[in-house]
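Each residue of the sequence shown is one higher than the one before, starting from 2 at the first, in the working numbering. From the three backbone atoms N, C-alpha and C, an ideal C-beta is built for every residue, glycine too. Read the structure below first, then the notes.
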Amino acid sequence: MEYRKNDMITVEIVDCGTDGEGIGKADGFTVFVKDAVIGDVVSAKIMKAKKNYGYARLTEVLKPSPYRVKPVCPSARQCGGCQLQALSYEQQLVFKEKKLRGNLERIGGFKDIPMEPIMGMEEPWHYRNKAQFPVGRNKEGRLITGFYAGRTHVIIENRDCALGVPQNKEILDRVLAHMERFHIEPYNETTGQGLVRHIFIRCGFYTGELMVCLVINGASVPGQKELTASLKEIPGMTSICLNINRKRSNVILGDQVKILWGQGYITDKIGEVAYQISPLSFFQVNPRQTVKLYAKALEYADLHGTETVWDLYCGIGTISLFLAQKAKFVRGVEIVPEAIEDARRNARLNDIQNAEFYVGKAEEVLPEYYARYEQEHGAKAHADVIVVDPPRKGCDEALLDTIVKMQPERVVYVSCDSATLARDLRYLCDRGYGLTKVCGADMFPQGVHVESVVLMSKVKK
(Lines of atoms letter the chains of each structure in order from A; the text may use other names.)
(Lines give C-alpha, C1' and ligand atoms only; values in the text may rest on other atoms or scores of the structure.)
Protein backbone atom coordinates (compact mmCIF):
# COMPACT_ATOMS: atom_id res chain seq x y z
CA MET A 2 0.00 0.00 0.00
CA GLU A 3 1.20 3.50 -0.85
CA TYR A 4 0.74 6.11 1.88
CA ARG A 5 0.30 9.82 1.21
CA LYS A 6 0.16 13.03 3.27
CA ASN A 7 -2.94 13.27 5.54
CA ASP A 8 -3.57 9.49 5.39
CA MET A 9 -4.40 7.88 8.75
CA ILE A 10 -2.32 4.88 9.76
CA THR A 11 -2.62 2.35 12.58
CA VAL A 12 0.74 0.96 13.58
CA GLU A 13 2.58 -0.82 16.40
CA ILE A 14 5.68 1.02 17.60
CA VAL A 15 8.60 -1.42 17.51
CA ASP A 16 11.64 0.83 17.87
CA CYS A 17 12.81 4.26 18.97
CA GLY A 18 14.65 6.80 16.79
CA THR A 19 17.67 8.86 17.83
CA ASP A 20 15.43 11.83 18.75
CA GLY A 21 13.09 9.65 20.83
CA GLU A 22 10.37 9.31 18.20
CA GLY A 23 8.52 6.00 17.90
CA ILE A 24 9.16 3.87 14.81
CA GLY A 25 6.52 1.59 13.30
CA LYS A 26 6.21 -0.40 10.07
CA ALA A 27 3.16 -1.10 7.92
CA ASP A 28 3.21 -2.84 4.53
CA GLY A 29 6.93 -2.11 4.06
CA PHE A 30 6.38 1.57 4.97
CA THR A 31 8.36 2.91 7.95
CA VAL A 32 6.69 5.67 9.92
CA PHE A 33 8.25 7.95 12.56
CA VAL A 34 5.73 9.06 15.20
CA LYS A 35 6.73 11.73 17.75
CA ASP A 36 5.39 11.09 21.32
CA ALA A 37 4.80 7.37 20.65
CA VAL A 38 6.83 4.86 22.70
CA ILE A 39 8.00 1.30 22.03
CA GLY A 40 5.10 -1.13 22.56
CA ASP A 41 2.31 1.38 21.77
CA VAL A 42 -0.31 0.65 19.13
CA VAL A 43 -1.25 4.07 17.77
CA SER A 44 -3.36 5.89 15.27
CA ALA A 45 -1.38 8.61 13.50
CA LYS A 46 -1.83 11.14 10.69
CA ILE A 47 0.90 11.22 8.04
CA MET A 48 2.35 14.72 7.76
CA LYS A 49 5.13 14.00 5.27
CA ALA A 50 5.45 10.96 3.00
CA LYS A 51 8.38 9.63 0.94
CA LYS A 52 8.36 6.39 -1.05
CA ASN A 53 9.28 3.99 1.76
CA TYR A 54 8.99 6.11 4.89
CA GLY A 55 7.14 9.04 6.39
CA TYR A 56 6.58 11.24 9.46
CA ALA A 57 3.29 11.19 11.31
CA ARG A 58 1.58 13.01 14.18
CA LEU A 59 0.18 10.93 17.01
CA THR A 60 -3.61 11.23 17.14
CA GLU A 61 -4.53 8.44 19.57
CA VAL A 62 -2.87 5.71 21.63
CA LEU A 63 -5.10 2.71 20.87
CA LYS A 64 -3.20 0.31 23.12
CA PRO A 65 -0.63 1.79 25.52
CA SER A 66 2.81 0.25 25.88
CA PRO A 67 3.74 -1.42 29.18
CA TYR A 68 6.60 1.12 29.23
CA ARG A 69 4.32 4.14 28.86
CA VAL A 70 3.98 6.41 31.91
CA LYS A 71 1.99 9.57 32.55
CA PRO A 72 4.25 12.61 31.99
CA VAL A 73 4.93 14.58 35.17
CA CYS A 74 4.75 17.88 33.26
CA PRO A 75 1.44 18.87 31.60
CA SER A 76 3.40 20.70 28.87
CA ALA A 77 5.69 17.75 28.07
CA ARG A 78 4.25 17.08 24.63
CA GLN A 79 4.32 20.69 23.35
CA CYS A 80 7.60 21.73 24.98
CA GLY A 81 10.79 20.87 23.12
CA GLY A 82 12.78 20.09 26.26
CA CYS A 83 11.66 16.57 27.24
CA GLN A 84 11.28 14.07 24.41
CA LEU A 85 11.04 10.94 26.59
CA GLN A 86 8.75 11.85 29.51
CA ALA A 87 6.11 9.33 28.41
CA LEU A 88 8.68 6.50 28.60
CA SER A 89 9.50 4.84 31.92
CA TYR A 90 12.91 5.82 33.26
CA GLU A 91 14.19 2.24 33.14
CA GLN A 92 13.40 2.13 29.42
CA GLN A 93 14.95 5.55 28.86
CA LEU A 94 18.24 4.07 30.10
CA VAL A 95 17.78 1.02 27.81
CA PHE A 96 17.19 3.40 24.85
CA LYS A 97 20.31 5.45 25.65
CA GLU A 98 22.54 2.42 26.14
CA LYS A 99 21.27 1.00 22.84
CA LYS A 100 21.90 4.35 21.09
CA LEU A 101 25.50 4.44 22.36
CA ARG A 102 26.19 0.80 21.45
CA GLY A 103 24.47 1.19 18.06
CA ASN A 104 26.64 4.14 17.01
CA LEU A 105 29.84 2.41 18.12
CA GLU A 106 28.87 -0.67 16.07
CA ARG A 107 27.47 1.08 12.98
CA ILE A 108 29.77 4.10 12.67
CA GLY A 109 32.88 2.83 14.46
CA GLY A 110 32.67 -0.77 13.24
CA PHE A 111 33.27 -2.10 16.76
CA LYS A 112 32.18 -5.56 17.91
CA ASP A 113 32.08 -7.14 21.36
CA ILE A 114 32.10 -3.68 22.95
CA PRO A 115 33.34 -3.73 26.59
CA MET A 116 30.39 -1.75 27.96
CA GLU A 117 29.76 -1.15 31.63
CA PRO A 118 26.17 -0.52 32.82
CA ILE A 119 24.95 3.02 32.09
CA MET A 120 25.07 5.40 35.07
CA GLY A 121 21.47 6.50 35.66
CA MET A 122 19.86 8.68 38.33
CA GLU A 123 18.01 7.53 41.42
CA GLU A 124 15.74 10.60 41.14
CA PRO A 125 15.61 11.76 37.48
CA TRP A 126 13.88 15.11 38.20
CA HIS A 127 14.89 18.62 39.37
CA TYR A 128 18.49 17.95 38.34
CA ARG A 129 19.29 21.06 36.26
CA ASN A 130 21.40 23.76 37.93
CA LYS A 131 20.84 26.16 35.02
CA ALA A 132 17.73 27.41 33.21
CA GLN A 133 17.16 29.97 30.46
CA PHE A 134 13.58 31.18 30.21
CA PRO A 135 12.57 33.27 27.17
CA VAL A 136 10.11 36.09 27.91
CA GLY A 137 7.25 37.19 25.63
CA ARG A 138 3.53 37.82 25.37
CA ASN A 139 0.89 35.23 24.58
CA LYS A 140 -1.96 35.64 22.05
CA GLU A 141 -4.00 37.55 24.66
CA GLY A 142 -1.10 39.94 25.23
CA ARG A 143 -0.27 38.63 28.70
CA LEU A 144 3.37 38.59 29.83
CA ILE A 145 4.65 34.99 29.93
CA THR A 146 7.81 32.97 30.28
CA GLY A 147 8.52 29.30 29.70
CA PHE A 148 10.25 27.26 27.02
CA TYR A 149 10.14 27.14 23.25
CA ALA A 150 7.97 24.49 21.62
CA GLY A 151 10.05 21.98 19.66
CA ARG A 152 11.71 23.47 16.54
CA THR A 153 9.94 26.83 17.03
CA HIS A 154 10.27 30.07 18.98
CA VAL A 155 6.70 29.86 20.28
CA ILE A 156 6.82 30.05 24.09
CA ILE A 157 5.01 27.29 25.99
CA GLU A 158 4.16 28.92 29.33
CA ASN A 159 5.84 27.22 32.28
CA ARG A 160 7.30 28.75 35.44
CA ASP A 161 7.83 25.46 37.28
CA CYS A 162 9.80 23.06 35.07
CA ALA A 163 10.07 19.55 36.51
CA LEU A 164 13.74 19.41 35.54
CA GLY A 165 14.69 22.68 37.24
CA VAL A 166 15.13 23.71 40.86
CA PRO A 167 12.06 24.79 42.90
CA GLN A 168 13.49 28.32 43.37
CA ASN A 169 13.03 29.01 39.64
CA LYS A 170 9.31 29.67 40.04
CA GLU A 171 9.69 32.28 42.77
CA ILE A 172 12.40 34.07 40.79
CA LEU A 173 10.26 34.12 37.62
CA ASP A 174 7.19 35.29 39.56
CA ARG A 175 9.14 38.21 41.02
CA VAL A 176 10.81 39.24 37.74
CA LEU A 177 7.53 39.18 35.78
CA ALA A 178 5.73 41.09 38.57
CA HIS A 179 8.48 43.71 38.35
CA MET A 180 8.09 43.93 34.57
CA GLU A 181 4.32 44.45 34.96
CA ARG A 182 4.82 47.09 37.64
CA PHE A 183 7.35 49.10 35.60
CA HIS A 184 5.72 48.44 32.20
CA ILE A 185 8.83 46.73 30.85
CA GLU A 186 8.32 45.13 27.45
CA PRO A 187 9.70 41.70 26.55
CA TYR A 188 11.93 41.48 23.49
CA ASN A 189 10.13 40.86 20.20
CA GLU A 190 12.25 38.77 17.80
CA THR A 191 10.28 39.96 14.76
CA THR A 192 10.58 43.70 15.37
CA GLY A 193 13.82 43.75 17.40
CA GLN A 194 12.00 45.98 19.93
CA GLY A 195 11.45 45.38 23.65
CA LEU A 196 13.91 44.97 26.51
CA VAL A 197 13.93 41.64 28.37
CA ARG A 198 14.94 38.65 26.24
CA HIS A 199 15.63 35.85 28.73
CA ILE A 200 15.71 35.22 32.47
CA PHE A 201 18.83 33.17 33.14
CA ILE A 202 19.14 31.32 36.47
CA ARG A 203 21.97 29.29 38.01
CA CYS A 204 21.85 27.35 41.27
CA GLY A 205 24.72 25.89 43.29
CA PHE A 206 23.51 22.42 44.31
CA TYR A 207 26.10 22.01 47.05
CA THR A 208 26.29 25.62 48.24
CA GLY A 209 22.66 26.72 47.77
CA GLU A 210 23.84 29.91 46.04
CA LEU A 211 21.57 31.49 43.41
CA MET A 212 22.32 33.71 40.42
CA VAL A 213 19.74 35.66 38.40
CA CYS A 214 20.83 37.26 35.16
CA LEU A 215 18.42 39.23 32.97
CA VAL A 216 19.42 39.12 29.31
CA ILE A 217 18.41 42.50 27.91
CA ASN A 218 18.33 44.40 24.62
CA GLY A 219 19.65 47.57 26.27
CA ALA A 220 21.98 48.93 28.96
CA SER A 221 19.75 48.95 32.06
CA VAL A 222 16.36 47.92 33.46
CA PRO A 223 13.78 50.37 34.89
CA GLY A 224 13.49 50.04 38.67
CA GLN A 225 16.76 48.16 39.10
CA LYS A 226 16.90 49.08 42.79
CA GLU A 227 13.41 47.68 43.42
CA LEU A 228 14.18 44.54 41.38
CA THR A 229 17.31 43.73 43.38
CA ALA A 230 15.49 44.43 46.66
CA SER A 231 12.80 41.90 45.67
CA LEU A 232 15.19 39.19 44.47
CA LYS A 233 17.51 39.59 47.50
CA GLU A 234 14.67 38.33 49.71
CA ILE A 235 14.98 34.83 48.21
CA PRO A 236 17.21 32.62 50.42
CA GLY A 237 20.55 31.83 48.81
CA MET A 238 20.54 34.82 46.42
CA THR A 239 24.21 35.60 45.72
CA SER A 240 24.43 37.29 42.34
CA ILE A 241 22.04 39.57 40.42
CA CYS A 242 23.27 40.83 37.07
CA LEU A 243 22.40 41.93 33.55
CA ASN A 244 23.71 40.45 30.34
CA ILE A 245 23.71 42.89 27.41
CA ASN A 246 22.67 41.33 24.09
CA ARG A 247 21.58 43.75 21.36
CA LYS A 248 22.18 41.33 18.48
CA ARG A 249 19.35 40.40 16.11
CA SER A 250 20.00 36.68 16.47
CA ASN A 251 18.82 33.71 18.51
CA VAL A 252 22.10 33.48 20.46
CA ILE A 253 20.95 33.83 24.07
CA LEU A 254 23.88 35.52 25.84
CA GLY A 255 25.85 38.61 24.86
CA ASP A 256 29.48 39.25 25.85
CA GLN A 257 28.92 42.02 28.42
CA VAL A 258 27.84 41.39 32.02
CA LYS A 259 26.83 44.12 34.50
CA ILE A 260 26.59 43.25 38.18
CA LEU A 261 23.57 44.84 39.88
CA TRP A 262 24.12 43.29 43.31
CA GLY A 263 26.39 40.73 44.95
CA GLN A 264 29.22 39.03 43.11
CA GLY A 265 29.53 38.20 39.43
CA TYR A 266 29.57 34.46 40.09
CA ILE A 267 28.27 31.67 42.30
CA THR A 268 30.38 28.88 43.79
CA ASP A 269 29.58 25.19 43.59
CA LYS A 270 31.45 21.93 44.12
CA ILE A 271 32.07 18.71 42.23
CA GLY A 272 33.36 16.23 44.76
CA GLU A 273 35.95 18.08 46.85
CA VAL A 274 36.77 20.70 44.19
CA ALA A 275 35.07 24.12 44.33
CA TYR A 276 34.35 26.14 41.17
CA GLN A 277 33.36 29.76 40.62
CA ILE A 278 30.73 29.98 37.87
CA SER A 279 29.92 33.22 36.03
CA PRO A 280 26.96 33.72 33.64
CA LEU A 281 29.23 33.01 30.66
CA SER A 282 30.96 29.94 32.17
CA PHE A 283 30.27 26.49 30.76
CA PHE A 284 29.46 24.18 33.65
CA GLN A 285 27.78 20.77 33.51
CA VAL A 286 24.05 21.26 34.15
CA ASN A 287 23.53 18.05 36.15
CA PRO A 288 25.88 18.22 39.15
CA ARG A 289 24.77 14.93 40.71
CA GLN A 290 25.66 13.01 37.55
CA THR A 291 28.76 15.11 36.87
CA VAL A 292 30.35 13.67 40.03
CA LYS A 293 29.76 10.15 38.64
CA LEU A 294 30.98 11.12 35.15
CA TYR A 295 34.22 12.68 36.41
CA ALA A 296 34.83 9.90 38.93
CA LYS A 297 34.59 7.43 36.04
CA ALA A 298 37.01 9.54 33.95
CA LEU A 299 39.41 9.61 36.91
CA GLU A 300 39.06 5.83 37.36
CA TYR A 301 39.84 5.25 33.67
CA ALA A 302 42.81 7.67 33.81
CA ASP A 303 44.28 5.40 36.53
CA LEU A 304 46.56 8.06 38.03
CA HIS A 305 49.20 7.33 40.67
CA GLY A 306 50.79 10.74 41.20
CA THR A 307 53.58 10.37 38.61
CA GLU A 308 51.68 11.15 35.41
CA THR A 309 51.64 14.17 33.12
CA VAL A 310 48.08 14.68 31.83
CA TRP A 311 46.66 16.87 29.06
CA ASP A 312 43.00 17.88 29.38
CA LEU A 313 41.73 19.14 26.02
CA TYR A 314 38.56 21.29 25.77
CA CYS A 315 38.96 21.89 29.51
CA GLY A 316 36.37 24.70 29.93
CA ILE A 317 36.68 26.30 33.38
CA GLY A 318 38.96 23.47 34.49
CA THR A 319 36.27 21.15 35.79
CA ILE A 320 37.93 17.87 34.79
CA SER A 321 41.51 19.29 34.96
CA LEU A 322 41.24 20.12 38.66
CA PHE A 323 39.55 16.79 39.35
CA LEU A 324 42.52 15.02 37.68
CA ALA A 325 45.11 17.26 39.37
CA GLN A 326 44.24 15.72 42.73
CA LYS A 327 45.87 12.46 41.58
CA ALA A 328 48.29 13.46 38.78
CA LYS A 329 51.81 14.87 38.89
CA PHE A 330 50.91 17.66 36.46
CA VAL A 331 47.89 18.64 34.33
CA ARG A 332 47.82 20.94 31.29
CA GLY A 333 44.40 22.22 30.21
CA VAL A 334 43.51 23.75 26.82
CA GLU A 335 40.38 25.78 26.00
CA ILE A 336 39.54 28.25 23.21
CA VAL A 337 37.49 30.65 25.39
CA PRO A 338 39.81 33.14 27.20
CA GLU A 339 37.24 33.86 29.94
CA ALA A 340 36.96 30.14 30.67
CA ILE A 341 40.74 29.89 31.08
CA GLU A 342 40.66 32.86 33.48
CA ASP A 343 37.99 30.96 35.42
CA ALA A 344 40.13 27.79 35.34
CA ARG A 345 43.17 29.62 36.75
CA ARG A 346 41.02 31.26 39.43
CA ASN A 347 39.48 27.88 40.30
CA ALA A 348 42.96 26.37 40.65
CA ARG A 349 43.91 29.15 43.09
CA LEU A 350 40.59 28.74 44.93
CA ASN A 351 41.43 25.08 45.60
CA ASP A 352 45.18 25.71 46.16
CA ILE A 353 45.95 23.40 43.23
CA GLN A 354 49.44 24.26 41.96
CA ASN A 355 50.10 21.35 39.60
CA ALA A 356 47.82 22.57 36.78
CA GLU A 357 48.42 25.15 34.05
CA PHE A 358 46.10 26.35 31.31
CA TYR A 359 46.51 27.44 27.69
CA VAL A 360 44.13 29.58 25.62
CA GLY A 361 43.58 28.34 22.08
CA LYS A 362 42.07 25.68 19.87
CA ALA A 363 43.05 22.24 21.12
CA GLU A 364 43.71 21.17 17.51
CA GLU A 365 46.28 24.02 17.23
CA VAL A 366 47.78 24.23 20.73
CA LEU A 367 48.73 20.55 21.07
CA PRO A 368 50.37 20.15 17.61
CA GLU A 369 52.27 23.46 18.13
CA TYR A 370 53.44 22.31 21.58
CA TYR A 371 54.54 18.97 20.10
CA ALA A 372 56.54 20.61 17.27
CA ARG A 373 58.12 23.23 19.58
CA TYR A 374 59.08 20.62 22.19
CA GLU A 375 60.92 18.53 19.61
CA GLN A 376 62.81 21.60 18.33
CA GLU A 377 63.80 22.74 21.82
CA HIS A 378 64.56 19.39 23.45
CA GLY A 379 65.49 17.15 20.53
CA ALA A 380 63.02 14.56 21.78
CA LYS A 381 59.36 13.83 21.24
CA ALA A 382 56.83 15.36 23.64
CA HIS A 383 55.04 12.73 25.66
CA ALA A 384 51.93 12.55 27.81
CA ASP A 385 51.03 9.66 30.07
CA VAL A 386 47.29 10.31 29.81
CA ILE A 387 45.29 12.55 27.48
CA VAL A 388 41.69 13.42 28.35
CA VAL A 389 39.39 14.94 25.72
CA ASP A 390 35.90 16.35 26.30
CA PRO A 391 35.05 17.93 22.92
CA PRO A 392 31.83 19.62 21.75
CA ARG A 393 29.29 17.64 19.70
CA LYS A 394 31.36 17.87 16.51
CA GLY A 395 34.05 15.73 18.15
CA CYS A 396 37.84 16.06 17.76
CA ASP A 397 39.64 17.62 14.82
CA GLU A 398 41.79 15.12 12.86
CA ALA A 399 44.93 17.23 13.44
CA LEU A 400 44.37 16.82 17.17
CA LEU A 401 43.82 13.06 16.94
CA ASP A 402 46.98 12.78 14.84
CA THR A 403 49.03 14.60 17.52
CA ILE A 404 47.53 12.41 20.25
CA VAL A 405 48.77 9.35 18.36
CA LYS A 406 52.24 10.93 17.95
CA MET A 407 52.47 11.70 21.69
CA GLN A 408 51.81 8.02 22.46
CA PRO A 409 49.97 8.35 25.79
CA GLU A 410 49.42 5.07 27.61
CA ARG A 411 45.74 5.94 27.98
CA VAL A 412 43.25 8.23 26.23
CA VAL A 413 40.07 9.04 28.18
CA TYR A 414 37.35 10.35 25.86
CA VAL A 415 34.36 12.08 27.47
CA SER A 416 31.67 12.49 24.82
CA CYS A 417 28.30 14.20 24.46
CA ASP A 418 27.68 12.76 20.97
CA SER A 419 28.14 9.04 20.40
CA ALA A 420 28.19 9.40 16.60
CA THR A 421 31.29 11.64 16.48
CA LEU A 422 32.73 9.60 19.37
CA ALA A 423 32.50 6.42 17.25
CA ARG A 424 34.23 8.14 14.32
CA ASP A 425 37.11 9.41 16.51
CA LEU A 426 37.57 6.09 18.32
CA ARG A 427 37.88 4.33 14.98
CA TYR A 428 40.67 6.77 14.00
CA LEU A 429 42.58 5.98 17.22
CA CYS A 430 41.96 2.23 16.97
CA ASP A 431 43.40 2.17 13.45
CA ARG A 432 46.59 3.79 14.80
CA GLY A 433 47.68 1.68 17.73
CA TYR A 434 44.96 1.98 20.38
CA GLY A 435 42.42 -0.51 21.69
CA LEU A 436 38.91 0.08 23.02
CA THR A 437 39.22 -0.97 26.67
CA LYS A 438 36.10 0.28 28.48
CA VAL A 439 32.89 2.18 27.63
CA CYS A 440 30.40 3.60 30.13
CA GLY A 441 27.27 5.64 29.36
CA ALA A 442 26.12 8.41 31.70
CA ASP A 443 22.59 9.80 31.73
CA MET A 444 23.18 13.52 32.21
CA PHE A 445 19.79 14.50 30.73
CA PRO A 446 16.93 12.31 32.05
CA GLN A 447 13.69 12.80 30.06
CA GLY A 448 15.77 13.98 27.06
CA VAL A 449 17.39 11.95 24.28
CA HIS A 450 21.08 12.81 24.70
CA VAL A 451 23.51 10.39 26.30
CA GLU A 452 27.03 11.16 27.50
CA SER A 453 29.76 8.57 27.77
CA VAL A 454 33.27 7.97 29.05
CA VAL A 455 35.61 5.74 27.05
CA LEU A 456 39.04 4.35 27.90
CA MET A 457 41.45 3.75 25.01
CA SER A 458 44.70 1.97 25.83
CA LYS A 459 47.90 1.79 23.80
CA VAL A 460 48.21 -1.66 22.24
CA LYS A 461 51.35 -3.41 23.44
CA LYS A 462 53.48 -4.61 20.53
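Assign residue i to one of three DSSP states: helix, strand, or coil.
{"i": "A382", "result": "coil"}
{"i": "I39", "result": "coil"}
{"i": "A50", "result": "strand"}
{"i": "G18", "result": "coil"}
{"i": "Q84", "result": "coil"}
{"i": "V73", "result": "coil"}
{"i": "T146", "result": "strand"}
{"i": "T403", "result": "helix"}
{"i": "V286", "result": "coil"}
{"i": "M9", "result": "strand"}
{"i": "V366", "result": "helix"}
{"i": "A348", "result": "helix"}
{"i": "P338", "result": "helix"}
{"i": "C430", "result": "helix"}
{"i": "S221", "result": "coil"}
{"i": "S419", "result": "helix"}
{"i": "R160", "result": "coil"}
{"i": "I108", "result": "coil"}
{"i": "L177", "result": "helix"}
{"i": "R249", "result": "coil"}
{"i": "S66", "result": "coil"}
{"i": "T229", "result": "helix"}
{"i": "K259", "result": "strand"}
{"i": "T192", "result": "coil"}
Output the distance between the C-alpha atoms of residue i and residue j, rounded to the nearest integer angstrom.
{"i": "G55", "j": "V166", "result": "38 Å"}
{"i": "N130", "j": "A325", "result": "25 Å"}
{"i": "T153", "j": "S250", "result": "14 Å"}
{"i": "C80", "j": "C74", "result": "10 Å"}
{"i": "T307", "j": "A328", "result": "6 Å"}
{"i": "A1", "j": "V32", "result": "Lying before the first or after the last residue shown, residue 1 is absent from the chain, which here runs from 2 to 462."}
{"i": "E273", "j": "F201", "result": "27 Å"}
{"i": "L254", "j": "V454", "result": "29 Å"}
{"i": "N159", "j": "T146", "result": "6 Å"}
{"i": "G318", "j": "P391", "result": "13 Å"}
{"i": "E124", "j": "T192", "result": "42 Å"}
{"i": "S240", "j": "I172", "result": "13 Å"}
{"i": "L261", "j": "I235", "result": "16 Å"}
{"i": "Y434", "j": "V460", "result": "5 Å"}
{"i": "V222", "j": "G195", "result": "11 Å"}
{"i": "V413", "j": "T403", "result": "15 Å"}
{"i": "L283", "j": "E339", "result": "It should be pointed out that residue 283 corresponds to Phe in this sequence rather than to Leu. F283 and E339: Cα-Cα distance of roughly 10 Å."}
{"i": "Y276", "j": "M48", "result": "48 Å"}
{"i": "D303", "j": "H378", "result": "28 Å"}
Can you find the residues in the same chain that come closer than 6 Å, C-beta to C-beta, to residue i, ignoring five residues on each side of it along the sequence?
{"i": "K64", "result": "V42"}
{"i": "L85", "result": "G21, Q93, Q447"}
{"i": "D36", "result": "L59, R78"}
{"i": "S321", "result": "D312, C315, V331, G333, A356"}
{"i": "E452", "result": "C417, A442, M444"}
Which residues does DSSP pair with residue i in a beta bridge?
{"i": "S458", "result": "R411, G435"}
{"i": "R332", "result": "W311, E357"}
{"i": "P135", "result": "H199"}
{"i": "V213", "result": "I202, I241"}
{"i": "Y276", "result": "D269"}
{"i": "P187", "result": "V197"}
{"i": "F30", "result": "A27"}
{"i": "S453", "result": "S416, G441"}
{"i": "M116", "result": "V439"}
{"i": "G55", "result": "V32, A50"}
Is residue j closer than 8 Å to residue i when the C-beta atoms are compared?
{"i": "V310", "j": "L281", "result": "no"}
{"i": "Q168", "j": "L211", "result": "yes"}
{"i": "G25", "j": "V12", "result": "yes"}
{"i": "T1", "j": "S458", "result": "Residue numbering for the chain in the displayed model covers 2 to 462; residue 1 lies beyond these limits and cannot be assessed."}
{"i": "V388", "j": "V360", "result": "no"}
{"i": "F358", "j": "I341", "result": "yes"}
{"i": "I114", "j": "A442", "result": "no"}
{"i": "I278", "j": "Y295", "result": "no"}
{"i": "L228", "j": "L177", "result": "no"}
{"i": "L400", "j": "E364", "result": "yes"}
{"i": "S44", "j": "M9", "result": "yes"}
{"i": "Y68", "j": "G103", "result": "no"}
{"i": "W126", "j": "L164", "result": "yes"}
{"i": "H179", "j": "G224", "result": "yes"}
Compute the minimum distance between the beta carbon of residue i and the heavy atoms of the ligand SAM, and state whether it is under 7 Å.
{"i": "T191", "result": "Ligands in the displayed structure: none, and consequently the ligand SAM is not present."}
With a CB to CB cut of under 7 Å and the five nearest residues on each side skipped, what residues in its chain are close to residue i?
{"i": "R175", "result": "S231, L232"}
{"i": "Y374", "result": "A382"}
{"i": "G18", "result": "I24, F33"}
{"i": "C396", "result": "V389, D425"}
{"i": "L299", "result": "F323, L324, K327"}
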